[in-house]
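First the structure, in the form of structure tokens, and then the observations on it.
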Amino acid sequence: MSGRRWYRTAGRYATLTVLALMFVFPLYMMVVNSLLPPEQLLKKANFWVSPGDALWGGYSTAWNDGHIGEYLGNSVVVTTLIVAGQVVTAVLAAYAFAFLDFPLKRTLFVVFLTTMMIPFEVVFFVNLDTITDFGDLPLVGDYVGFDTYGGLALPFLATGFGAFLVRQAFLSLPRDLRDAAALDGYGHFRFLTRVAIPLARPSIAALGLFAFFGAWNQYLWPLVASTEDHRTVQVGLGFVSEGSVDQVNVAFAALVLASIPLFVLLIVFQKQLVRGLTAGAVKG
Amino acid sequence: MRPMRWLPLVLAVALVAGGCGGGDDDDDTSTDDTSTDDTSTDDTSTDGTAASGDDDAAEVDPSLCPVDALTDADKPVEIEYWHAMTRANEEELIRLTDEFNASQSDVRVTLSASPSYPENLTRYTAGLSTDELPDLYQGEETNLQLLIDSQSIVPAAACIAAADYDTSGIIEGVLTRYTVEGIQYAMPFNVSNPILYYNKTAFTAAGLDPEAPPTTLEEVRETSQAIVDSGVATHGISFKTDAWFTEQWMAKAGEEYVNNGNGRDARATAVAFDNETGLALYTWLSDMEKDGLLVSTGTGDLEHYVAIPNNESAMTIDSSAALGTIFQLFDQGQYANVDLGAAPMPGPASADGGVLVGGASNYVVNRSSDAEQAAAWKFAEFLADEQTQSEWAAATGYIPIREASTTISPLVERWVEQPELKVAYDQLLAGADNLATAGPVLGPAGARGEGMRGAVIDAIAAMFAEGLPPEDALAQATEGSNEAIEDYNDRVG
Amino acid sequence: MSRRVREALLGYALVLPALLVFGTFIFYPFVRTAWLGLFEQPLFGGDSTWVGLDQYLDEWRSDDFRNSLFVTVKFAVFTVPVGISLGVLLAVVGHQRLRGIGVYRTIFSSTVATSIAVASVLFFTLFNQQLGVLTKLLNREGETPVLDDPRLAFIAVCGVTIWQNLGLSFIVISAGLQAVPDELLEAARVDGAGAFRRFFRVTMPLLSPTLLFAVVVGSILAFQAFAQVDLLTEGGPGDRTNVLTYAIKTTALGNPPDQGAAAAYAMALFAITLLLTVVQLRFLERRVTYER
Chain U
-4 MSGRRWYRTA GRYATLTVLA LMFVFPLYMM VVNSLLPPEQ LLKKANFWVS PGDALWGGYS
56 TAWNDGHIGE YLGNSVVVTT LIVAGQVVTA VLAAYAFAFL DFPLKRTLFV VFLTTMMIPF
116 EVVFFVNLDT ITDFGDLPLV GDYVGFDTYG GLALPFLATG FGAFLVRQAF LSLPRDLRDA
176 AALDGYGHFR FLTRVAIPLA RPSIAALGLF AFFGAWNQYL WPLVASTEDH RTVQVGLGFV
236 SEGSVDQVNV AFAALVLASI PLFVLLIVFQ KQLVRGLTAG AVKG
Chain D
118 MRPMRWLPLV LAVALVAGGC GGGDDDDDTS TDDTSTDDTS TDDTSTDGTA ASGDDDAAEV
178 DPSLCPVDAL TDADKPVEIE YWHAMTRANE EELIRLTDEF NASQSDVRVT LSASPSYPEN
238 LTRYTAGLST DELPDLYQGE ETNLQLLIDS QSIVPAAACI AAADYDTSGI IEGVLTRYTV
298 EGIQYAMPFN VSNPILYYNK TAFTAAGLDP EAPPTTLEEV RETSQAIVDS GVATHGISFK
358 TDAWFTEQWM AKAGEEYVNN GNGRDARATA VAFDNETGLA LYTWLSDMEK DGLLVSTGTG
418 DLEHYVAIPN NESAMTIDSS AALGTIFQLF DQGQYANVDL GAAPMPGPAS ADGGVLVGGA
478 SNYVVNRSSD AEQAAAWKFA EFLADEQTQS EWAAATGYIP IREASTTISP LVERWVEQPE
538 LKVAYDQLLA GADNLATAGP VLGPAGARGE GMRGAVIDAI AAMFAEGLPP EDALAQATEG
598 SNEAIEDYND RVG
Chain H
27 MSRRVREALL GYALVLPALL VFGTFIFYPF VRTAWLGLFE QPLFGGDSTW VGLDQYLDEW
87 RSDDFRNSLF VTVKFAVFTV PVGISLGVLL AVVGHQRLRG IGVYRTIFSS TVATSIAVAS
147 VLFFTLFNQQ LGVLTKLLNR EGETPVLDDP RLAFIAVCGV TIWQNLGLSF IVISAGLQAV
207 PDELLEAARV DGAGAFRRFF RVTMPLLSPT LLFAVVVGSI LAFQAFAQVD LLTEGGPGDR
267 TNVLTYAIKT TALGNPPDQG AAAAYAMALF AITLLLTVVQ LRFLERRVTY ER
């Protein structure tokens, strides 16, 4: 390696490292601060905690007394409901739009797209009234009302974007496949489950990923539509940190705990994640 | 957060803090009784000004409060109590509630905590449309007019009449605070007022007498200067951006904060703090900050305290309600540089003035069943009783609402052991007794980001951070408050 | 039943679940919100008064609304371009062939694993006046806390937002960059084009569809930002960070609540989103056409 190249390579690594610091520093401080005894935090500039001094108590306090464990559980339940709901409703509707003929099909498809123009922030307070009214329904009231898992998930069980994405995937399937399947005597159900879904898997997976991120990171709806019984982790974090100046290690520990699931996913599934996240932006 | 938020989250020792501790408690009342002097007051003798509970109770229909419904109900009657106590205060409330639940089998109380008073109120007003309401609600005293207007509460006077409950042992000013146009709406529970917290170690190091903390604003300035000059701390006083303190200072100066007799003769239509006294207060704050004597710690609930061990200040002002928590926090030996003292709130001294009664009180919610209302009242009675108040004050720093509570155990011993806890009580009883010290009553009292207090907080913040001149800040606070009042009054129709 | 009819029925049945959700939680509340705006709500329930468009017009003319609109637009104008520029920088730098680049790419993607709530709570504490590292590093000791300072709070909220979005911007723009053929760049290099020239003449034009997409989606998201304001500043100080979404929430669920006034804010947010979505859909359609 010539001297000049050596310089250049070093320069590149330096640039990369400086940029990486932008990400790493806050996250690093999050971990360090979660381990520092509260009174040490006062000095404002503790960039290091020696393993011997590390105080792990913040984690158990955050998990138990801060209810982070319960909040994570709530998030898992609500997210699962939403992801499952969005995938199912999208696949069904997409199948209809892609493979079936019926009056008003175009109009209905436009209706689906229209939903993307109405942000949830515009309608949430009426939805809050709706969910509250649902609480009075016979039989199901306890599962779909205010401060229930159902109430947290219901408004998000379908999206126009999802139907759109899957429809595009279905439409890109070769027409011959359809005909061949028909020749084999496949009904709609078998064609959907044996042919269309498997072939559209990348798009469906991308939809699942979007749904997952959207649901997991939701904030406004769980903030207003639940109390501590069904509070999700995103909302719960605010409660843990509020006014915890003398227990900052606990607030940071809560952040670490709340972030671990997604970090594990990021590291394990980075490739798939990248592919999925970019599905909407850059195809192919 | 914001808007952020309901139920409890209590991190064991304490986490969530603040709300109460820190401060949003507020204001009010004052002392009515007190004709003579502090300790001696026996309420019965004097009758406060504005309104005294007993006479007026007659005006309200006792049938509004079904206190007898408990007799025929299926026991135990389960009720929910929404409170905003945190930390040491919450721990004590839990203990008292357990004690109450264990002491009888008619009523079973479940606690549900909000992180702060404003959040407790947001939760409550949201509940008015969702019907998710408690049976008993702890409301900051500024909630009074709003709760009356919501028509969702049983006036305490009705319960007092129906249960033939004797309020004569309760400090008159505390009752007055919750009495509007002759009707007492809430049952007092936790009363506090702001006090001066100061670091005796820093005082000594700066050559000041640690037993003679400042009593006026001028003295606060001189003391701060001495501390800064000595280099013991970077600033003299740390100040939380909160509207409560200016309310207290105006009351200490004997001035009404809103018009129409502090909203007690008729609904308030404008604020009254845009006068010379108000300007002097804003100017003092602005100058202190500009001259580096005061450090603004923003709207956080604990930062102004934490500035003391951090050597950024040697004094701060906040609610006596935080005493229990703060002493717990600073008394564990990890802050060798702090020996905390407590003293009356420094400020304008007027013969017509006095600190306002801060804290909160309990409201029976009329949307609950009769049995639940009766049960809620029973618990409210328990929280106000002589023994409970003695234990409550001993553990928290709140002021006992009954004089008799100060003469029994554990409070007697506790005050001897920790005299700081008595400061707020003495301060309350030392004030005058008039409309100014009864405290403002208005619908949009607000909190950070809303209503009158929001306007005041924003104005003070702009003064500190952007150097807005005090007269402009005062004008801004006035204008913002008046707009909020006008909007509210329009809608209340 | 004829085949056609059966197919049509099946079609409706498959579309129905999603339609029910849309009807209940999007279209109905949308119409209802617009309707609520035509009434003045008394405090705490009771009968509303029909005021027609007066309430809308009053709100839209109010200083509070104009402030919120201004703050919201400013927020989008600050966060989107800066975020995307940083994303491009990261993507270009992360596109090099170097040993261990994978580690850097993972790091550059890492904020995807946070959320805006996590980022907000994290920075809220790092900005804390008494114990936040950033207070020290920014030399703000003894000064009004950053998030309480009317001059700085907005910038801080923008900064946290940009930081949290960086991972996603990086991933999206990197993917766009993959599509730029190396041969083209190589050819440009052979022609003697320097790094900057290559970037602006070759990479940027090919990247522009991706960037356009990122701008549109980023803007829509910026107009809907809520959590960071709620957690960092609660709209303050002095309403300097009181974006439309936050104003809707505090008005609709305030003390006391005012759904009528909130409707006026909500409809304004809708109008903006509508505009941006139309652009987005056009764009999506075009991409899809390419693809087919």
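Chains as they are written, first to last, in my numbering: chain U, -4 to 279; chain D, 118 to 610; chain H, 27 to 318.
C-beta atoms are modelled at their ideal positions from N, C-alpha and C, and glycine is treated no differently.
As the structure is a computational prediction, the values presented were derived from the model and not from experiment.
Roughly how far, in whole angstroms, is the beta-carbon of A303/D from the beta-carbon of L245/D, given that I think they are within contact range, below 8 Å? Counting from one through the second sequence, the residue named residue 303/D turns up at place 186. Counting from one through the second sequence, the residue named residue 245/D turns up at place 128. Rounded, the Cβ-Cβ distance is 17 Å, inconsistent with contact.
Looking at the C-beta of T19/H, does it have a partner C-beta in chain U at a distance below 7 Å? Lying outside 27 to 318, the shown extent of chain H, residue 19/H is not represented and no answer is given.
Does any residue of chain H have a CB that is nearer than 7 Å to the CB of V423/D? By 1-based counting over the second sequence, the position of residue 423/D is 306. Yes, contact with chain H.
For a cutoff of 7 Å on Cβ pairs, would you count I127/U as touching chain D? Counting from 1 along the first sequence, the entry for residue 127/U is found at position 132. It is Thr, not Ile, that sits at residue 127/U in the sequence shown. T127/U counts as touching chain D.
If we count the other Cβ atoms within 10 Å of its Cβ and call it buried at 16 or more, is T151/D buried or exposed? Mapped onto the second sequence, residue 151/D falls at position 34. Here the model assigns T151/D a pLDDT of 34, short of 50, so the residue's position is not dependable, and the following value carries that caveat. Its Cβ being crowded by 16 or more others within 10 Å, T151/D is buried.
Ordered along the chain, which non-local residues of its own chain (more than five positions away) have a Cβ less than 7 Å from that of G140/U? Here residue 140/U is taken as the residue at index 145 of the first sequence, counted from 1. Counting only Cβ-Cβ distances below 7 Å, and skipping sequence neighbours, we find I126, T127, F129, G130 and G146.
For M432/D, which three-state DSSP category applies? The sequence position of residue 432/D within the second sequence is 315, counting from 1. Correct three-state label for M432/D: strand.
So which residues of chain H does K100/U contact, with C-beta pairs closer than 8 Å? As a first step, residue 100/U must be located in the first sequence, where it is residue number 105. Within 8 Å Cβ-Cβ: G37.
Anything in chain U within Cβ reach of E249/D, meaning under 7 Å, just list it in chain order. Here residue 249/D refers to the residue found at position 132 of the second sequence. Correct list: F141.
Distance between A280/D and A167/D (C-alpha atoms, nearest Å): Locating residue 167/D in the second sequence gives position 50, where the first residue counts as 1. Locating residue 280/D in the second sequence gives position 163, where the first residue counts as 1. Because the pLDDT at A167/D is just 41, under 50, the model does not fix this residue reliably, and the point stays unresolved.
Measuring only between beta-carbons, confirm whether F581/D sits less than 7 Å from chain H. Indexing the second sequence from 1 puts residue 581/D at position 464. Chain H contact via Cβ: present.
N427/D vs T318/D beta-carbon contact at 7 Å: On the second sequence, residue 427/D is found 310 positions in, with the first residue counted as 1. On the second sequence, residue 318/D is found 201 positions in, with the first residue counted as 1. No, they are not a contact pair.
For I274/H, name the three-state secondary structure that DSSP assigns. Within the third sequence, the letter at position 248 stands for residue 274/H. Looking at I274/H - three-state DSSP - the assignment turns out to be helix.
For S254/U, go through chain H and note every residue whose CB falls closer than 7 Å to its CB, in chain order. Residue mapping note: residue 254/U aligns to position 259 of the first sequence, counting from 1. Correct list: A139, T140 and V144.
Any heavy atom of the ligand ADP inside 6 Å of the beta-carbon of E116/U? The model depicted lacks the ligand ADP and carries no ligand whatsoever.
Strand pairing of H225/U, partner residues [DSSP]: As a position in the first sequence, residue 225/U is number 230, starting the count at 1. Its beta-bridge partners do not exist; DSSP assigns none.
Measuring alpha carbon to alpha carbon, tell me which residue in A243/D, N206/D, F356/D and S180/D is nearest T170/H. In the third sequence, residue 170/H corresponds to position 144, counting from 1. Among A243/D, N206/D, F356/D and S180/D, the Cα nearest to that of T170/H is on F356/D.
What in chain H is Cβ-close to S220/D, meaning under 9 Å? Looking up residue 220/D in the second sequence gives position 103. Under the 9 Å cutoff, chain H gives no residues; its nearest Cβ is about 35 Å from S220/D.
Give the residues of chain H in contact with N122/U, contact being defined as C-beta atoms less than 7 Å apart. As a working mapping, residue 122/U is identified with position 127 in the first sequence. The answer, in chain order, is F51 and P55.
Chain D beta carbons: is any one of them nearer than 7 Å to that of Q156/H? Numbered from 1 along the third sequence, position 130 holds the residue referred to as residue 156/H. Yes, its Cβ sits closer than 7 Å to a Cβ of chain D.
Determine the closest residue to V119/H out of Y181/U, Y8/U and V82/U, with distance taken between C-alpha atoms. Translated into positions along the third sequence, residue 119/H becomes position 93. Looking at the Cα atoms, Y8/U is the closest of the given residues.
May I ask you to report which of helix, strand or coil DSSP gives S413/D? Taking the first residue of the second sequence as position 1, residue 413/D is located at position 296. The answer is strand: DSSP assigns S413/D an E or B state.
Which stretch, first to last residue, makes up the beta strand (DSSP E) that contains S229/D? Taking the first residue of the second sequence as position 1, residue 229/D is located at position 112. Segment V224 to A230, the beta strand (DSSP E) holding S229/D.
Please state if the CB of F296/H and the CB of V117/U are separated by a distance shorter than 7 Å. For the purposes of this step, residue 117/U is identified with residue 122 of the first sequence, where counting begins at 1. For the purposes of this step, residue 296/H is identified with residue 270 of the third sequence, where counting begins at 1. Going by C-beta atoms, V117/U is nearer than 7 Å to F296/H.
Assign S180/D to one of three DSSP states: helix, strand, or coil. Your numbering for residue 180/D matches position 63 in the second sequence. Correct three-state label for S180/D: helix.
For the alpha helix (DSSP H) that contains P235/D, what are its first and last residues? Stepping through the second sequence from its first residue, residue 235/D is reached at position 118. Y234 to T247 is the span of the alpha helix (DSSP H), which, as asked, contains P235/D.
Looking at L35/H: is its Cβ nearer than 7 Å to the Cβ of H121/H? For the purposes of this step, residue 35/H is taken as the residue at position 9 of the third sequence. For the purposes of this step, residue 121/H is taken as the residue at position 95 of the third sequence. For L35/H and H121/H, no; Cβs fall outside 7 Å.
Status (buried if at least 16 other CB within 10 Å, exposed otherwise) for M405/D: To locate residue 405/D, count along the second sequence from 1; it is residue 288. Counting Cβ neighbours within 10 Å, M405/D comes out buried, since at least 16 surround it.
Can you name the start and end residues of the beta strand (DSSP E) that D482/D belongs to? On the second sequence, residue 482/D is found 365 positions in, with the first residue counted as 1. Sequence inspection shows Val at residue 482/D; the Asp mentioned does not correspond to that position. Unbroken beta strand (DSSP E) run through V482/D: G475 to V482.
Per-residue DSSP class, three states only, for V297/D: The residue you call residue 297/D lines up with position 180 of the second sequence. Strand at V297/D.
Every unbroken alpha helix (DSSP H) within the stretch 155 to 241 of chain U, with a cutoff of 4 residues, ordered by chain: 155 to 166, 170 to 178, 196 to 211, 215 to 220 and 228 to 236
Looking at the unbroken beta strand (DSSP E) that takes in H200/D, where does it start and where does it end? As a first step, residue 200/D is located in the second sequence; it is residue number 83 there, counting from the start. First-last of the beta strand (DSSP E) with H200/D: V194 to H200.
Tell me which residue opens and which closes the beta strand (DSSP E) that G256/D is part of. As a working note, residue 256/D is residue 139 in the second sequence. L253 to E257 is the span of the beta strand (DSSP E), which, as asked, contains G256/D.
Starting from E354/D and walking both ways along the beta strand (DSSP E), at which residues does that stretch end? Counting from one through the second sequence, the residue named residue 354/D turns up at place 237. Residue identity check: residue 354/D is Ile in the sequence provided, not Glu. From DSSP, the beta strand (DSSP E) with I354/D extends over I354 to F356.
Alpha-carbon to alpha-carbon, T303/H and Y138/U: As a first step, residue 138/U must be located in the first sequence, where it is residue number 143. As a first step, residue 303/H must be located in the third sequence, where it is residue number 277. When rounded, the distance between both Cα atoms is 34 Å.
DSSP three-state label for N599/D, please. On the second sequence, residue 599/D is found 482 positions in, with the first residue counted as 1. The answer is helix: DSSP assigns N599/D an H, G or I state.
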